[in-house]
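Quick note: the sequence shown, position 169, residue 242 per the numbering used here, numbers continuous.
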Amino acid sequence: MAYYQESKKFSLARMAWAYPLSLLIIFGIADLYAYVTLENPASFFNFLIAGLYMLIIAVVGTLAIEGAKIRHYNLRVFSMTLFAVIGLVCAWIFFLALIFEVPFFTVLTDFSFYFERLTGGFTRNGGIPYFSWLSEAALIVGFPIYFVASARKGDKPYCEVCDKWMENSESKLLKLPQVFTLSELEDKIEMDGIRSFLNYDRAHKKDPNHYEFIFLWCSSCRGNVYLSVKRHYTDNSKTIDKNESEDIMNFYELEPDFSWEELFEGSNDSEDRFNFSESTNTESNDLENFDPNEFDELEEI
Ligand SMILES: [Zn+2]
Numbered sequence: 074m075a076y077y078q079e080s081k082k083f084s085l086a087r088m089a090w091a092y093p094l095s096l097l098i099i100f101g102i103a104d105l106y107a108y109v110t111l112e113n114p115a116s117f118f119n120f121l122i123a124g125l126y127m128l129i130i131a132v133v134g135t136l137a138i139e140g141a142k143i144r145h146y147n148l149r150v151f152s153m154t155l156f157a158v159i160g161l162v163c164a165w166i167f168f169l170a171l172i173f174e175v176p177f178f179t180v181l182t183d184f185s186f187y188f189e190r191l192t193g194g195f196t197r198n199g200g201i202p203y204f205s206w207l208s209e210a211a212l213i214v215g216f217p218i219y220f221v222a223s224a225r226k227g228d229k230p231y232c233e234v235c236d237k238w239m240e241n242s243e244s245k246l247l248k249l250p251q252v253f254t255l256s257e258l259e260d261k262i263e264m265d266g267i268r269s270f271l272n273y274d275r276a277h278k279k280d281p282n283h284y285e286f287i288f289l290w291c292s293s294c295r296g297n298v299y300l301s302v303k304r305h306y307t308d309n310s311k312t313i314d315k316n317e318s319e320d321i322m323n324f325y326e327l328e329p330d331f332s333w334e335e336l337f338e339g340s341n342d343s344e345d346r347f348n349f350s351e352s353t354n355t356e357s358n359d360l361e362n363f364d365p366n367e368f369d370e371l372e373e374i
């Protein structure tokens with residue numbers, strides 16, 4: 074039995090354009106963010122604007138990380154930290170540049186403004202601005218890092234053969250006769266095959282107790298089918314929101330003993346995601362073909 078393992082590789086060639094591009098976008102949005110929070114007459118609501126800003130950083134950062142094909146958990150977290158910190162510092166510098174009506178790079182080269190803002194604010198206003206800047210920093214930097222760090226290791230498996238993220242998935246909601254632990258699931262898959270599960274009755278999304286079997290695979294080579302399993306159950310000890318779910322299995326490598334038609338039986342929303350007939354191999358690799366191979370994939374040091 075095996076689980077998906079990240080290869081810890083990344084595409085340096087793609088990083089070389091995806092990262093500067095994302096930083097440029099963050100730089101532009103930081104300017105806008107500084108302007109809006111400064112001019113906003115209802116400054117109490119600035120935290121909402123900060124919330125929007127951190128979401129944009131998280132989304133732009135995620136796009137850059139996926140674009141650079143980073144199959145390395147620590148490198149993803151490090152990258153997002155970098156994007157968020159640069160986003161925050163840029164926003165602060167833009168803020169000062171707007172207040173003092175000097176260009177961004179003047180403030181950047183004269184950091185005394187920056188420290189003045191931090192320390193002077195503390196003595197003049199009893200630390201309130203200091204507190205609000207720290208909350209702003211925690212919010213803007215914390216969320217994007219949480220966003221990428223909480224994604225399970227290799228949230229999306231990567232097909233090393235076809236050099237692309239595995240985008241295809243199909244989920245089956247099943248009524249199982251008993252509660253399965255991880256090792257019981259593994260044992261049953263080893264002994265009876267995954268097909269033995271597909272033979273159980275289908276559950277409905279609203280059924281209080283059911284299992285969700287999520288199959289993931291590469292649409293180009295159809296190799297490496299992975300299975301993730303979630304248990305959905307009702308927690309009666311809670312008064313509200315009793316519906317709970319827990320991840321039981323993450324990216325278990327399957328030996329498919331079912332036909333693809335069987336897997337899709339009874340699905341009505343899978344057609345658009347399921348077009349095996351045309352190989353997408355060429356389409357996915359268009360950019361890579363221009364990259365010199367020796368630079369394309371580097372082991373992280
Ligand atoms: Zn593949």
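All C-beta atoms, glycine included, are put in the ideal place defined by N, C-alpha and C.
Integer-rounded CB distance, given that I159 should sit under 8 Å from L249: Stepping through the sequence shown from its first residue, residue 249 is reached at position 176. Stepping through the sequence shown from its first residue, residue 159 is reached at position 86. At roughly 47 Å, the Cβ-Cβ gap does not stay under 8 Å, so L249 and I159 are not in contact.
Rounded straight-line distance, which links the Cα of A164 to that of D342: Numbered from its first residue, the sequence shown carries residue 342 at position 269. Numbered from its first residue, the sequence shown carries residue 164 at position 91. Residue confidence is low: D342 scores 48 on pLDDT, short of 50, so the model does not pin down where it sits. Its coordinate-derived value is still stated next. Going from the Cα of D342 to the Cα of A164 covers about 43 Å.
Environment of F324 [buried if 16+ CB atoms lie within 10 Å]: Along the sequence shown, one-based indexing puts residue 324 at 251. It counts as buried.
Nearest to F151 (by Cα), restricted to the options W333, T135, V162: Taking the sequence shown and counting its residues from 1, one reaches residue 151 at position 78. Out of W333, T135, V162, T135 has the C-alpha closest to the C-alpha of F151.
Within 7 Å, strictly: CB atoms of R268 and Y284: Residue mapping note: residue 268 aligns to position 195 of the sequence shown, counting from 1. Residue mapping note: residue 284 aligns to position 211 of the sequence shown, counting from 1. No; because the gap between Cβ atoms is not below 7 Å, this pair is not in contact.
Beta-bridge pairing of K245 - partner residues as DSSP gives them: Position 172 of the sequence shown, counting from 1, holds the residue named residue 245. In the DSSP output, where bridge partners are listed per residue, K245 has F286.
A224 versus S256 - alpha carbon distance: Taking the sequence shown and counting its residues from 1, the one referred to as residue 224 is at position 151. Taking the sequence shown and counting its residues from 1, the one referred to as residue 256 is at position 183. For A224 and S256, the distance between alpha carbons rounds to 23 Å.
Validate contact between the segment 274-293 and the segment 235-248 using beta carbons, cut 8 Å, 3 pairs: yes
Boundaries (first-last residue) of the alpha helix (DSSP H) holding T254: Counting from one through the sequence shown, the residue named residue 254 turns up at place 181. Where T254 is concerned, there is no enclosing alpha helix (DSSP H), given that its DSSP letter is neither H nor E.
Test item: CB-CB of M153 and V221 under 7 Å: As a working note, residue 153 is residue 80 in the sequence shown. As a working note, residue 221 is residue 148 in the sequence shown. Cβ atoms of M153 and V221: closer than 7 Å.
CA nearest to the CA of V302, picked from F168, Y231, T254: Along the sequence shown, one-based indexing puts residue 302 at 229. Selected option, being the one with the closest Cα: T254.
Candidates A276, Q251, E243: closest to E334 by CA position: Reading the sequence shown from its first residue, position 261 is the one you call residue 334. It is E243 whose Cα lies nearest to the Cα of E334.
Proximity test, V234 beta-carbon vs ligand 1 heavy atom, cut-off 6 Å: Against the sequence shown, residue 234 aligns to sequence position 161. The answer is yes for V234.
Rounded straight-line distance, which links the Cα of V180 to that of I102: Looking up residue 102 in the sequence shown gives position 29. Looking up residue 180 in the sequence shown gives position 107. Rounded to whole angstroms, I102 to V180 spans 18 Å at the Cα level.
Spatial neighbours of P176 in its chain, beta-carbon cut-off 7 Å, leaving aside the 5 residues before and after: Working through the sequence shown from its first residue, we reach residue 176 at position 103. Contacts found: A170.
Cβ distance (whole Å) where Y92 is taken to contact A137 below 8 Å: Start at 1 with the first residue of the sequence shown, and residue 92 comes out as number 19. Start at 1 with the first residue of the sequence shown, and residue 137 comes out as number 64. Rounded, the Cβ-Cβ distance is 6 Å, consistent with contact.
Cβ-heavy atom distance, S293 to ligand 1, below 6 Å: As a first step, residue 293 must be located in the sequence shown, where it is residue number 220. Yes, Cβ of S293 sits closer than 6 Å to a heavy atom of ligand 1.
Sub-7 Å separation of Y219 and R144 beta-carbons: Along the sequence shown, one-based indexing puts residue 219 at 146. Along the sequence shown, one-based indexing puts residue 144 at 71. No, they are not a contact pair.
For F184, the three-state DSSP class (helix, strand or coil): Position 111 of the sequence shown, counted from the first residue, corresponds to residue 184. The answer is coil: DSSP assigns F184 none of H, G, I, E or B.
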